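Have a look at the structure below, then the notes.
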Amino acid sequence: MVEDSDQNYGRNVNKSVLLKIVILGDGGVGKSCLMSRFISNHFDDHNFHTIGVEFMNKMIEVGGKQYTLQIWDTAGQERFKSLRTPFYRGTDICILAYAIDDRSSFNNIKTWLNEFLHYAGVKNGIEKFPFIVVGNKSDVSSKDREVSYEQLKQWCEENKIATYLETSAKTDNNVLEAFSLSVQRYLLLKQTLDQINFLVLKYLHIIYIIKNGYIEKTKFLDCLTI
Ligand SMILES: Nc1nc2c(ncn2[C@@H]2O[C@H](COP(=O)(O)OP(=O)(O)OP(=O)(O)O)[C@@H](O)[C@H]2O)c(=O)[nH]1
Ligand SMILES: [Mg+2]
0 MVEDSDQNYG
10 RNVNKSVLLK
20 IVILGDGGVG
30 KSCLMSRFIS
40 NHFDDHNFHT
50 IGVEFMNKMI
60 EVGGKQYTLQ
70 IWDTAGQERF
80 KSLRTPFYRG
90 TDICILAYAI
100 DDRSSFNNIK
110 TWLNEFLHYA
120 GVKNGIEKFP
130 FIVVGNKSDV
140 SSKDREVSYE
150 QLKQWCEENK
160 IATYLETSAK
170 TDNNVLEAFS
180 LSVQRYLLLK
190 QTLDQINFLV
200 LKYLHIIYII
210 KNGYIEKTKF
220 LDCLTI
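0 is the number of the first residue of the sequence shown in numbering that gives the first Met the number 0; add one for each residue after it.
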């Protein structure tokens, strides 16, 4: 997360939060289409695979506050692994995508999760990082569906991921909701982490204030004014 602020005569006139989001998943699940639907409300029925990574920015309002989402669309094909993984570091939110008419792309979500955890250097555990699992192509007919919503729900519960939904880049179903939900999840987890990172401990007659893992100050109870 980066806070951008423009100073004007010492006043803070503009403050926006930049969040880096990466979209991961097998080739062909619709990652690039999800990004272009969200960025420019456009759907292209093309068949070009992404090579490496591409990123685009878009502003979004969540809870009355503006966020600039920097969305990194990655190449899902295995041969591009070395081109995409260096971009995982510094990610704020990770979208794990599969296509509901492609069972193997759903089975591979775990591999994508592990690849991200490894290269992004996530140490706090899955449940403390904002992941969102997206089952794309929800517009396909029921006879072509290979993964049910129940299976998505069950997989996410088993893997401690609280945020998931089905989308369609083609019919514009739940696309804005997916990005908005991911920011909400990010904010919720950040709030919880901030609380954990600010602890006031009382031990014997001394108060310890622990902020971001460091002991910031200690005071004797007698002269305490926090
Ligand atoms: N029916 C349907 N087709 C979709 C949807 N989203 C994408 N597609 C189609 O799926 C194909 C692949 O879409 P892409 O967005 O290029 O897939 P990708 O995940 O970016 O693939 P890589 O770049 O190779 O990793 C294209 O032919 C799209 O038109 C959707 O919501 N519904
Ligand atoms: Mg692509």
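Using N, Cα and C, we set each Cβ at its ideal position, and we do this for glycine too. Predicted model only: the values in this text are computed from it and were never measured.
*asked:* If I follow the unbroken alpha helix (DSSP H) through A119, where does it start and stop?
replied: 108-119
*Quick one: Cα of R88 to Cα of L33, how far?*
22 Å
*Relative to the alpha-carbon of E156, which residue among K109, L187, N173, G120 has its alpha-carbon at the smallest distance?*
K109
*In this structure, does DSSP put Q65 in helix, strand or coil?*
strand
*H179 versus V61 - alpha carbon distance*: The residue asked about is misnamed: residue 179 is Ser in this sequence, not His. Between S179 and V61, the C-alpha separation is close to 7 Å.
*Could you spell out the range, first to last residue, of the alpha helix (DSSP H) harbouring E149?*
148-157
_Reduced DSSP category for I38 - H, G, I as helix; E, B as strand; rest coil_ = helix
*When a residue counts only if its C-beta is closer than 7 Å to some heavy atom of ligand 2, which residues count, in chain order?*
Result (chain order): K30, S31, H48, T49, D72, A74, G75.
_Segment limits, beta strand (DSSP E) that includes N135_ = 130-135
*When every heavy atom of ligand 1 is checked, does at least one fall within less than 6 Å of the C-beta of K136?*
K136: yes, Cβ under 6 Å from ligand 1.
*Below 6 Å CB to CB, which residues in the same chain sit around S35 once its five sequence neighbours on both sides are set aside?*
H41
*Which ranges does the alpha helix (DSSP H) cover as unbroken runs of at least 4 residues, wholly within the stretch 77-112, from first to last along the chain?*
80-83, 102-106
*asked:* What I want to know is whether the C-beta of K169 ends up closer than 6 Å to one or more non-hydrogen atoms of ligand 4.
replied: Ligand 4 is not part of this structure, which contains only ligand 1 and ligand 2.
*Count the other CB atoms, across all protein chains shown, that sit within 10 Å of the CB of K159; report buried if there are 16 or more and exposed otherwise.*
exposed
*Is C32 helix, strand or coil when you go by DSSP?*
helix
*Less than 6 Å between the CB of N46 and some heavy atom of ligand 1, yes or no?*
yes
_G27: CB within 6 Å of a non-hydrogen atom of ligand 1_ = yes
_What would DSSP say about K19, mapped onto helix, strand or coil?_
For K19, the three-state secondary structure derived from DSSP is strand.
_With a threshold of 6 Å on Cβ separation, who are the neighbours of I38 within its own chain once the five nearest residues in sequence on each side are excluded?_
M55, K57
_Whole angstroms are fine: how far does the CA of D101 sit from the CA of T67?_
32 Å
_In whole angstroms, give me the CA-to-CA distance for Y8 and S15._
Reliability of the predicted coordinates at Y8 is poor, the pLDDT of 48 falling under 50, and the value obtained from them is presented with this limitation in mind. Each residue's Cα considered, the two are about 18 Å apart.
*Could you tell me the distance, in whole angstroms, from the CA atom of I239 to the CA atom of F47?*
Nothing about residue 239 can be reported from this structure: the residues present for the chain run from 0 to 225 only.
*Have a look at Y118, T162, S167 and flag the residue whose alpha-carbon is nearest the alpha-carbon of V139.*
S167
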